[in-house]
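Residue numbers (my numbering): 2 to 632.
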């Protein structure tokens with residue numbers, strides 16, 4: 002028998018998928034969700050004080066936040082933002098910078114670091130990260146296609162903020178778990194032992210799937226792999242400051258889109274990795290001599306990382322495991338061992354809400370498969386196969402067979418005109434998610450589309466059939482008939498009850514009295530377009546960036562790895578030449594190389610810039626994002 006827990010609370014995790022600049026959509030979804038939860042809590046308090054009636058009295062508590070790439074960055078930003086109070090950003094506020102800058106979600110994803118004098122492309126095509134950053138890039142290495150310095154500015158602007166008093170949010174767990182996915186290029190050395198005819202032999206592997214786990218806590222580290230984070234101004238201790246620096250590095254690491262944005266380093270204490278059940282695959286209580294990690298050195302473990310979405314772009318299974326672990330922790334040891342999450346509409350009490358700006362879509366299989374064996378065909382197919390296999394979640398495929406699983410919900414972009422769903426939904430989706438960096442109007446559109454989609458989702462889809470008689474909803478909606486949603490299909494009428502009632506508290510006619518109202522439908526924000534003249538005007542900046550990359554692409558800091566370096570004795574002997582031959586060969590080779598590079602830099606940059614602009618125009622034109630004002 003499981004422990005008897007009062008059936009009045011849904012335990013939720015929010016998982017946010019990778020999205021690059023389309024994180025603006027995710028931010029909009031979150032902005033609307035927190036607005037609804039805030040009003041619901043206010044309404045419940047007024048009802049408890051006898052000033053309001055008809056409010057569902059059950060609870061919905063967010064206990065875990067996580068994500069990949071833009072989703073992981075949003076998880077980190079949200080963990081800090083929710084410690085203070087901020088107002089949602091309505092469409093009427095969109096042009097008011099003084100208002101929008103106070104909302105961390107909007108400011109981080111829509112405003113970014115733009116000002117009246119510089120848009121995002123001016124920053125991202127700037128060459129100071131290569132030519133002028135003497136503090137962190139002395140050797141003038143080319144680390145990314147775009148200048149990525151803005152990411153650190155955004156992360157610091159949110160995560161370095163401290164609050165005097167934590168804002169009370171009953172719908173947020175005080176010990177919130179949050180995490181980011183990471184693709185760890187260094188990897189974790191992992192050894193297992195095999196019995197062989199010649200004795201025990203060791204087999205070595207490397208695990209590059211990585212996560213950085215954190216927990217809101219004023220307590221010291223709890224030997225569970227979760228790095229404690231505290232945003233209170235009164236904390237002021239060096240360990241907490243160091244942990245927040247780790248959080249910033251993890252947030253930047255998960256958003257380091259390969260090639261386009263700069264890779265990031267992350268330094269963590271070894272115990273944060275070894276104590277984590279999600280990273281350390283050894284089984285508790287088993288023979289540790291046969292399964293080992295080999296982390297070097299003993300102290301901090303430093304890794305080089307790129308976008309967490311490369312390996313796990315939708316980590317909903319990790320979010321679910323965090324929720325399950327929290328449920329087990331609240332039970333007796335015996336009950337925890339036998340605990341299995343309930344999934345049916347009649348029984349479930351925990352769920353994962355996933356926000357995905359780019360949900361995977363079915364790609365029609367060709368009638369006849371034609372093997373393409375040319376290198377230019379095989380190489381991208383190999384990369385696609387590797388990423389696809391890495392992201393495959395076997396257990397989730399098995400769970401998909403369940404007809405009655407209410408533990409997983411998805412918010413995805415839907416845009417309609419006159420009731421007809423559009424093929425292209427979000428403006429930031431152009432150029433593989435980088436489109437939003439070209440126009441603030443794109444990011445505004447996606448933020449408000451996120452709000453609009455979240456409203457519809459809460460009212461019509463985050464629901465349970467009333468006939469299921471889920472005990473939490475039975476308790477919460479006792480004596481209440483409002484907020485329901487009815488669907489008529491196949492001569493059958495089904496009434497659904499929402500997990501989160503979408504309401505707003507307003508003052509009533511009499512002073513000191515209140516009422517609740519159902520909010521009006523979020524207006525559709527006009528689908529944006531970008532000026533063709535503006536895109537063509539980017540050519541000089543693109544050329545300058547390309548020129549800078551060509552000038553410095555061979556630069557690299559020569560860092561010596563620990564340990565002896567082996568040198569061949571054979572190769573120098575068989576390649577030995579006369580002094581004159583070596584000199585002549587080097588002079589000719591160097592001069593030819595310099596000549597070709599000079600020609601490439603002179604004539605190639607213009608052609609490359611034109612090609613880049615053509616690609617941008619074609620993709621945006623196909624999506625209806627171009628305002629053809631070119632004369």
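Built from N, CA and C at the ideal position, the CB exists for glycine as well. The model shown is predicted, which means the values in this text are computed figures rather than measured ones.
- Around the beta carbon of residue 308, 16 or more other beta carbons lie within 10 angstroms, which makes this residue buried.
- Collapsing the DSSP output to three states places residue 380 in a helix.
- Residue 59 carries a coil assignment under DSSP once its states are collapsed to helix, strand and coil.
- Nearest Cα to residue 28 within the set 115, 540, 80, 515: 80.
- Judged by their CB atoms, residue 449 and residue 8 are not nearer to each other than the 9 Å cut-off.
- Between residue 431 and residue 626 the beta-carbon gap is near 6 Å, inside 8 Å, which marks them as a contact.
- Between the stretch 219-231 and the stretch 65-75, the count of Cβ pairs shorter than 8 Å is below three; the stretches do not touch.
- Residue 466 carries a strand assignment under DSSP once its states are collapsed to helix, strand and coil.
- Counting only residues of its own chain and dropping the five nearest sequence neighbours on each side, residue 241 has a CB closer than 7 Å to the CB of 231.
- In this structure, the beta-carbon distance from residue 613 to residue 357 does not fall below 9 Å.
- Of the residues 321, 334, 30, the one whose Cα lies closest to the Cα of residue 343 is 321.
- Counting along the chain, residue 175 sits inside the beta strand (DSSP E) bounded by residues 173-197.
- For residue 25, the uninterrupted alpha helix (DSSP H) segment begins and ends at 24-49.
- With a 10 Å radius around the Cβ and a threshold of 16 neighbouring Cβ atoms, residue 339 comes out exposed.
- The DSSP-derived three-state label of residue 458 is helix.
- Membership of residue 130 in the alpha helix (DSSP H) is indicated by the continuous run 129-132.
- In the DSSP annotation of this structure, the continuous segment of the beta strand (DSSP E) that includes residue 217 starts and ends at 200-217.
- By the Cβ criterion, the stretch 44-54 is not in contact with the stretch 196-216, since fewer than three pairs of Cβ atoms, one from each stretch, lie closer than 8 Å.
- For residue 10 against residue 59, the beta-carbon gap comes to about 7 Å, under 8 Å, which counts as contact.
- Here residue 26 really is in contact with residue 429; their C-beta atoms are around 7 Å apart, less than 8 Å.
- Using a Cβ distance threshold of 9 Å, residue 268 and residue 245 do not count as a contacting pair.
- By alpha-carbon distance to residue 533, the top candidate from 508, 616, 483 is 616.
- A contact between stretches requires three or more CB pairs, one per stretch, nearer than 8 Å, and the stretch 543-553 meets this requirement with the stretch 120-134.
- For residue 508, the enclosing beta strand (DSSP E) covers residues 505-508.
- Around the CB of residue 99, fewer than 16 other CB atoms lie within 10 Å, so the residue is classed as exposed.
- For residue 158, no beta strand (DSSP E) encloses it; the enclosing alpha helix (DSSP H) starts and ends at 150-160.
- Closest option to residue 188, judged by alpha-carbon separation, among 274, 179, 135, 200: 274.
- Within the same chain, 486, 499, 503 come within 7 Å of residue 460 by CB-CB distance, once the 5 residues on both sides are set aside.
- Going by C-alpha positions, residue 335 is about 25 Å away from residue 177.
- Contact between the stretch 310-321 and the stretch 162-174 is absent: fewer than three C-beta pairs spanning the two stretches fall below 8 Å.
- Under the criterion of beta carbons closer than 8 Å, residue 30 and residue 415 do not qualify as touching, at roughly 12 Å.
- Residue pairing by DSSP places residue 12 opposite 62, 351 in a beta bridge.
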